[in-house]
Amino acid sequence: MPRSAPPLTGGDALRLGALAGFAAVLLAPLRHYVGPMKRVTEAKIEHDSFPLSTYPMFSADRRGRIVIPHVVGFTADGERVIPHYRHYGSGGHNQVRKQLARDVRQGRAVEVAQRYADSLAAADRERRGGEAAILRVAVVRARYVFDDWFAGDRAPQAESVHAECAVGGTATAGPGEPLPRLRTPGPQR
Numbered sequence: 002m003p004r005s006a007p008p009l010t011g012g013d014a015l016r017l018g019a020l021a022g023f024a025a026v027l028l029a030p031l032r033h034y035v036g037p038m039k040r041v042t043e044a045k046i047e048h049d050s051f052p053l054s055t056y057p058m059f060s061a062d063r064r065g066r067i068v069i070p071h072v073v074g075f076t077a078d079g080e081r082v083i084p085h086y087r088h089y090g091s092g093g094h095n096q097v098r099k100q101l102a103r104d105v106r107q108g109r110a111v112e113v114a115q116r117y118a119d120s121l122a123a124a125d126r127e128r129r130g131g132e133a134a135i136l137r138v139a140v141v142r143a144r145y146v147f148d149d150w151f152a153g154d155r156a157p158q159a160e161s162v163h164a165e166c167a168v169g170g171t172a173t174a175g176p177g178e179p180l181p182r183l184r185t186p187g188p189q190r
């Protein structure tokens with residue numbers, strides 16, 4: 002003989018309603034993924050669809066490249082050596098990187114080059130490794146392509162020199178021209 006379920010009580014209905022509300026809250030971000038792709042993209046940018054992490058800070062299309070202002074040292078053989086950030090500032094790596102980027106953006110690349118060159122000259126006896134061979138520094142804005150970088154090609158795809166300075170010398174401004182447009186491979190024939 003089949004047993005029937007006990008009658009639904011007010012507490013059961015309340016729990017069922019709370020569960021349905023919780024499910025609706027969890028599934029609500031999916032509404033940003035309905036419709037034409039253009040509207041979906043606009044909706045994702047306009048509204049944070051947490052927990053799906055489509056907020057632009059995390060999901061922005063970087064188009065496979067990034068432009069970074071930084072300092073490069075050159076040896077007598079023309080080898081590129083990245084000098085340690087401590088030659089420019091005493092904060093952490095990201096703090097110094099942001100300070101350097103701001104100074105380049107505000108047109109103070111000559112001061113950046115001079116500061117690096119002076120620091121390298123003062124630390125001449127203490128320099129080790131690749132830094133010991135640096136003869137001149139350049140403040141550059143360089144474009145790196147992610148696929149090339151992670152495949153082992155550490156050379157920039159394009160580079161613009163904003164200032165240069167020989168170690169122990171006086172800095173001069175570079176042309177600081179805009180980076181050329183990114184080259185894209187054409188169809189193979």
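Residue 93 in my numbering sits at position 92 of the sequence shown; the count goes up by one each step and never skips.
Built from N, CA and C at the ideal position, the CB exists for glycine as well.
- Message: Looking at A164: is its Cβ nearer than 8 angstroms to the Cβ of A110?
- Response: Position 163 of the sequence shown, counted from the start, is the residue given in the question as residue 164. Position 109 of the sequence shown, counted from the start, is the residue given in the question as residue 110. Judged by beta-carbon spacing, A110 lies within the 8 angstroms limit of A164, meaning their Cβ atoms are closer than that value.
- Could you say which of G177, A19, L27 lies nearest to R106 if we only look at CA atoms? Here residue 106 refers to the residue found at position 105 when the sequence shown is read from its first residue. With distances taken between Cα atoms, R106 lies closest to G177.
- Note down the Cα distance separating V26 from A19, rounded to an integer number of angstroms. Walking along the sequence shown from the start, residue 26 turns up at place 25. Walking along the sequence shown from the start, residue 19 turns up at place 18. If I take the Cα positions, the gap works out to 11 angstroms.
- Message: Closer than 8 angstroms is the cut-off here; do at least three beta carbon pairs connect the stretch 129 to 138 with the stretch 74 to 89?
- Response: The stretch 129 to 138 makes contact with the stretch 74 to 89; the number of CB pairs closer than 8 angstroms reaches 3 or more.
- In angstroms, rounded to a whole number, what distance separates the CA positions of P37 and Q96? As a position in the sequence shown, residue 37 is number 36, starting the count at 1. As a position in the sequence shown, residue 96 is number 95, starting the count at 1. Taking the straight line from one Cα to the other gives about 41 angstroms.
- Item | Cβ contact check for the stretch 116 to 125 and the stretch 82 to 90: 3 or more pairs under 8 angstroms | With a cut-off of 8 angstroms on Cβ pairs, the stretch 116 to 125 is in contact with the stretch 82 to 90, counting three or more such pairs.
- Task: Report the partner residues of E160 according to the DSSP bridge assignment.
- Result: Indexing the sequence shown from 1 puts residue 160 at position 159. Per DSSP, A143.
- What residues match up with G74 in a beta bridge as DSSP calls it? Counted from its first residue, the sequence shown places residue 74 at position 73. In DSSP, G74 forms a bridge with V82, V138.
- Message: In whole angstroms, give me the CA-to-CA distance for Q156 and R64.
- Response: By one-based count along the sequence shown, residue 156 stands at place 155. By one-based count along the sequence shown, residue 64 stands at place 63. Position check: residue 156 holds Ala in this sequence, whereas Gln was assumed. Between A156 and R64, the C-alpha separation is close to 18 angstroms.
- Query: Hey, does E160 have any beta-carbon neighbour from chain D nearer than 8 angstroms?
  - Reply: Absent here is chain D; the protein component of the structure consists of one chain.
- Item | Unbroken alpha helix (DSSP H) run spanning G11, endpoints | On the sequence shown, position 10 is the one that residue 11 refers to. G11 -> alpha helix (DSSP H) spans 11 to 28.
- With a Cβ-Cβ cutoff of 8 angstroms, do V140 and V72 count as a contact? One-based indexing of the sequence shown puts residue 140 at position 139. One-based indexing of the sequence shown puts residue 72 at position 71. Result yes, Cβ atoms of V140 and V72 sit closer than 8 angstroms.
- Message: For D125, tell me which candidate among L9, R16, P84 has the shortest Cα-Cα distance.
- Response: Your numbering for residue 125 matches position 124 in the sequence shown. If we check each option's Cα against that of D125, P84 comes out closest.
- Query: In this structure, does DSSP put A133 in helix, strand or coil?
  - Reply: Here residue 133 corresponds to residue number 132 of the sequence shown, with the count starting at 1. A133 carries a helical assignment under DSSP once its states are collapsed to helix, strand and coil.
- Query: Cα separation between L82 and G153?
  - Reply: Sequence index remark: in the sequence shown, residue 82 carries index 81 (1-based). Sequence index remark: in the sequence shown, residue 153 carries index 152 (1-based). It is worth fixing the name first, because residue 82 is Val in this sequence and not Leu. Between V82 and G153, the C-alpha separation is close to 16 angstroms.
- Message: With H, G and I counted as helix, E and B as strand and the rest as coil, what does DSSP make of V35?
- Response: Stepping through the sequence shown from its first residue, residue 35 is reached at position 34. Note: V35 maps to coil in three-state DSSP.
- Q189 versus Q158 - alpha carbon distance: For the purposes of this step, residue 189 is taken as the residue at position 188 of the sequence shown. For the purposes of this step, residue 158 is taken as the residue at position 157 of the sequence shown. Because the pLDDT at Q189 is just 40, under 50, the model does not fix this residue reliably, and the value given afterwards should be weighed accordingly. Rounded to whole angstroms, Q189 to Q158 spans 21 angstroms at the Cα level.
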